[in-house]
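Asker: Numbering (our numbering), first residue to last: 90 to 477.
Sending over a structure as structure tokens; questions will come in a sec.
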Amino acid sequence: MQTTTARNAVLATFAVSGFAFASWASRIPTIRAQLDLTPGELGRTLLVGALGSVLALPFAGRVITAVGAARTVMIGVVTVAVGLVGLGLAVDVLGDVAVTAAAIFVVAVGISLWDVSMNHEGAAVEQRLGRTVMPIFHAFFSGGTVVGALLAAALVRLDVPVIAHLSAAGVVALAVGLWVPRRFLARGLEMGEADATEERPGSAWLEPRTLVIGLVVLVAALTEGTANDWIALAVTEGHQQPEEVGVLAFATFLAAMTAGRLLGVRLLDRYGRVPVLRVLFVLAIVGSLLVVLGNTATAFAGVVLWGIGASLGFPTGMSAAADDPARAAARLSVVSTIGYLAFIVGPPLLGMIGDHTGVLRSLLVVGLLALPALIAVPAVRERGPRGR
90 MQTTTARNAV
100 LATFAVSGFA
110 FASWASRIPT
120 IRAQLDLTPG
130 ELGRTLLVGA
140 LGSVLALPFA
150 GRVITAVGAA
160 RTVMIGVVTV
170 AVGLVGLGLA
180 VDVLGDVAVT
190 AAAIFVVAVG
200 ISLWDVSMNH
210 EGAAVEQRLG
220 RTVMPIFHAF
230 FSGGTVVGAL
240 LAAALVRLDV
250 PVIAHLSAAG
260 VVALAVGLWV
270 PRRFLARGLE
280 MGEADATEER
290 PGSAWLEPRT
300 LVIGLVVLVA
310 ALTEGTANDW
320 IALAVTEGHQ
330 QPEEVGVLAF
340 ATFLAAMTAG
350 RLLGVRLLDR
360 YGRVPVLRVL
370 FVLAIVGSLL
380 VVLGNTATAF
390 AGVVLWGIGA
400 SLGFPTGMSA
410 AADDPARAAA
420 RLSVVSTIGY
430 LAFIVGPPLL
440 GMIGDHTGVL
450 RSLLVVGLLA
460 LPALIAVPAV
470 RERGPRGR
């Protein structure tokens, strides 16, 4: 019963996390327009948020060990809510790029703590259930992003100010995120808390398999994050569509990714992690090419393929990192940190390329950067009979 309750709590935590993320990510075109940013300037502004993530992630495992996953989620939720309100003020009231970047930094720190702790709890629940459920948790995250993006599209259409939108999103995050984690597993049932103090600090960074899993997650995060940050702008500028069509493309990507995560559980259990991820990375490459090279109609087909292709890399990497419950917190922290490097590399890289080629053409880099994952994928192979 406790495991079922914890599973439902994790599902809700992932969903509201996705909602909070999409609430601000879907307003990136509005933020760019109101602050009059070039693609390069926008990339550098998003880079500040990425730095916040990377600075927070290495400490997330220690915070979980010290206070538990539930309290770490709550700390992250409060931080995100404060950052969302600050972001709305920075854009609508102050019109200041530096304050906007600082607010995104705060949001990113909160999301990082929230992210690692809910993945840690999800991996603990998955271990206790004895079957693959991590992609379902991430599907609820994607479902939350779909709701957040569709709501954002409606609010953009109605000319609702950024500050009103993001403040309301912060209230929703607080209302759910401070209550639901109380239903997580009791601390004695979580993974790695007792054992983590016995390991040499930072030892997970010396494990080759953990580092290669991190590479797979890095590419998966880059494939997913590029779409999150740039696909709406690529459709509005590259395909010359209204802003609400760009937000709809973003919502379509998120819906496809959600479907991939819900349906992917059976594929992973039947065929294994390695062959499934190889096929999906190829789909992501093909989808990104259709977005760039096709017309608006084929671009939306490409968005669907891209979303499906990006669906399982991140959650499967999290499951692989947590295969050993005793080392789960440390390894999840390492893999998450490496994965979030995508948010350091991605925004400035795409921004610099976009300054010269336009945002749409800059997305060609996704296919190129996805190729290393096809080589590194065997690192996520299951431990046990299937992985032998």
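Don't be surprised by glycine CBs; every beta carbon is placed ideally from N, CA and C.
Just so you know, these numbers come straight off a predicted model, no measurement behind them.
1) Within a Cβ cutoff of 7 Å, which residues of the same chain sit near I188, ignoring the five residues on either side of it in sequence?
2) Using 8 Å for Cβ pairs, my map puts V424 next to I302. What's the rounded Cβ distance?
3) Flag this pair as touching only if the segment 336 to 350 and the segment 459 to 468 have three or more C-beta atom pairs under 8 Å; answer yes or no.
4) How long is the line joining the alpha carbons of G232 and F108, rounded to whole angstroms?
5) Beta carbon of G129, beta carbon of D444: below 8 Å?
6) Can you have a look at Y429 and say buried or exposed, based on whether 16 or more other CB atoms are within 10 angstroms of its CB?
7) Counting only runs that start and end within the segment 95 to 119, where is the alpha helix (DSSP H) found for 4 or more residues in a row?
8) For the putative contact between T426 and R362, defined by C-beta atoms under 8 Å, what is the C-beta separation to the nearest angstrom?
9) Roughly how many whole angstroms lie between the Cα atoms of G456 and L378?
10) In the structure shown, what three-state DSSP assignment does H254 receive?
11) Measuring CB atoms only, is the segment 202 to 211 touching the segment 153 to 168, in the sense that at least three cross pairs come out at less than 8 Å?
12) If you follow the alpha helix (DSSP H) that H209 is in, where does it begin and where does it stop?
13) Where does S400 fall in DSSP's three states?
14) Do the CB positions of G141 and A228 come within less than 8 Å of each other?
15) Report back the beta-carbon spacing between V99 and V214 to the nearest angstrom; my notes put them in contact at under 8 Å.
16) Got a sec? Which residues, its chain only, sit under 6 Å from A344 by beta carbon, not counting five neighbours each side?
17) In terms of residue numbering, what span does the alpha helix (DSSP H) encompassing L144 cover?
18) Using the three-state DSSP reduction, which class does G370 fall into: helix, strand or coil?
19) If you compare alpha carbons, which of R355, V251, L453 and V249 is closest to L382?
20) Buried or exposed for T93, please, with buried defined as at least 16 other CB atoms from any protein chain shown within 10 angstroms of its CB.
21) State the Cα-Cα distance for the pair A69 and S106, rounded to the nearest angstrom.
22) Helix or strand or just coil, what does DSSP make of D318?
23) Run through DSSP, which three-state label would L452 get?
24) Take the Cβ of V347 as the centre, count every other Cβ of all protein chains shown within 10 Å, and call the residue buried at 16 or more, exposed below.
25) Work out the CA separation of F403 and A309 for me, nearest whole Å.
26) For the alpha helix (DSSP H) containing H328, name the first residue and the last one.
27) Can you tell me whether V306 is buried or exposed? The criterion is at least 16 other CB atoms within 10 Å of its CB, across all chains shown.
28) Using the three-state DSSP reduction, which class does F273 fall into: helix, strand or coil?
29) Among the residues of its own chain, which have a CB less than 8 Å from the CB of D284, if the five just before and after it don't count?
30) Could you give the distance in angstroms between the alpha-carbon of S256 and the alpha-carbon of V171?
Answerer: With the structure as the only source:
1) Numbered from 1 along the sequence shown, position 99 holds the residue referred to as residue 188. Looking at the sequence itself, residue 188 is Val, so the reference to Ile does not match. So the list reads A179, once near-sequence residues are dropped.
2) If you number the sequence shown from 1, residue 424 lands on position 335. If you number the sequence shown from 1, residue 302 lands on position 213. The beta-carbon distance between V424 and I302, rounded to whole angstroms, is 5 Å. This is short enough to meet the 8 Å contact definition.
3) The segment 336 to 350 and the segment 459 to 468 do not touch, with fewer than 3 CB-CB distances between them shorter than 8 Å.
4) Along the sequence shown, one-based indexing puts residue 232 at 143. Along the sequence shown, one-based indexing puts residue 108 at 19. Cα to Cα, G232 sits roughly 8 Å from F108.
5) Position 40 of the sequence shown holds residue 129. Position 355 of the sequence shown holds residue 444. Contact: yes.
6) Looking up residue 429 in the sequence shown gives position 340. Buried, because 16 or more other Cβ atoms sit within 10 Å of the Cβ of Y429.
7) Scanning the segment 95 to 119 for uninterrupted alpha helix (DSSP H) segments of 4 residues or longer gives nothing; none is fully contained.
8) Translated into the one-based positions of the sequence shown, residue 426 becomes position 337. Translated into the one-based positions of the sequence shown, residue 362 becomes position 273. Rounded to the nearest angstrom, the Cβ distance from T426 to R362 is 21 Å, too far for a contact under 8 Å.
9) Taking the first residue of the sequence shown as 1, we reach residue 456 at position 367. Taking the first residue of the sequence shown as 1, we reach residue 378 at position 289. About 7 Å.
10) Translated into the one-based positions of the sequence shown, residue 254 becomes position 165. Residue state, collapsed to three classes: helix.
11) Under the three-pair Cβ rule at 8 Å, the segment 202 to 211 counts as touching the segment 153 to 168.
12) Within the sequence shown, numbered from 1, the residue matching residue 209 stands at position 120. Looking at the DSSP string, the run of the alpha helix (DSSP H) that includes H209 is V186 to L218.
13) Taking the sequence shown and counting its residues from 1, one reaches residue 400 at position 311. Looking at S400 - three-state DSSP - the assignment turns out to be coil, as it is neither helix nor strand.
14) Here residue 141 refers to the residue found at position 52 when the sequence shown is read from its first residue. Here residue 228 refers to the residue found at position 139 when the sequence shown is read from its first residue. For G141 and A228, no; Cβs fall outside 8 Å.
15) Counting from 1 along the sequence shown, the entry for residue 99 is found at position 10. Counting from 1 along the sequence shown, the entry for residue 214 is found at position 125. Distance from V99 to V214 at the Cβ level is roughly 6 Å; contact confirmed, criterion being Cβ atoms closer than 8 Å.
16) Locating residue 344 in the sequence shown gives position 255, counting from the first residue. Closer than 6 Å at the Cβ level, and outside the excluded window around A344, lie V235.
17) Taking the sequence shown and counting its residues from 1, the one referred to as residue 144 is at position 55. In the DSSP assignment, L144 falls within the alpha helix (DSSP H) that extends over P128 to V156.
18) Translated into the one-based positions of the sequence shown, residue 370 becomes position 281. Here residue 370 turns out to be Phe, not Gly, going by the sequence shown. Reduced to three states, the DSSP call for F370 is helix.
19) Here residue 382 refers to the residue found at position 293 when the sequence shown is read from its first residue. Comparing alpha carbon positions, the residue from R355, V251, L453 and V249 closest to L382 is L453.
20) Here residue 93 refers to the residue found at position 4 when the sequence shown is read from its first residue. Classification for T93: exposed.
21) In the structure as shown, the chain starts at 90 and stops at 477, and residue 69 therefore has no counterpart that could be examined.
22) The residue labelled residue 318 in the question sits at position 229 within the sequence shown. Reduced to three states, the DSSP call for D318 is helix.
23) Walking along the sequence shown from the start, residue 452 turns up at place 363. Three-state result, L452: coil.
24) If you number the sequence shown from 1, residue 347 lands on position 258. Checking the displayed sequence, the identity of residue 347 turns out to be Thr instead of Val. So T347 counts as buried.
25) Walking along the sequence shown from the start, residue 309 turns up at place 220. Walking along the sequence shown from the start, residue 403 turns up at place 314. Distance between the alpha carbons of A309 and F403: 6 Å.
26) Stepping through the sequence shown from its first residue, residue 328 is reached at position 239. Note, H328: premise wrong, no alpha helix (DSSP H); not H, not E.
27) Taking the sequence shown and counting its residues from 1, the one referred to as residue 306 is at position 217. Result: buried.
28) Within the sequence shown, the letter at position 184 stands for residue 273. Reduced to three states, the DSSP call for F273 is coil.
29) By 1-based counting over the sequence shown, the position of residue 284 is 195. With a pLDDT of 47 at D284, under the threshold of 50, the modelled position of this residue cannot be trusted; read the value that follows with caution. Taken in chain order, the residues that qualify are A415 and R416.
30) Your numbering for residue 256 matches position 167 in the sequence shown. Your numbering for residue 171 matches position 82 in the sequence shown. Distance between the alpha carbons of S256 and V171: 9 Å.
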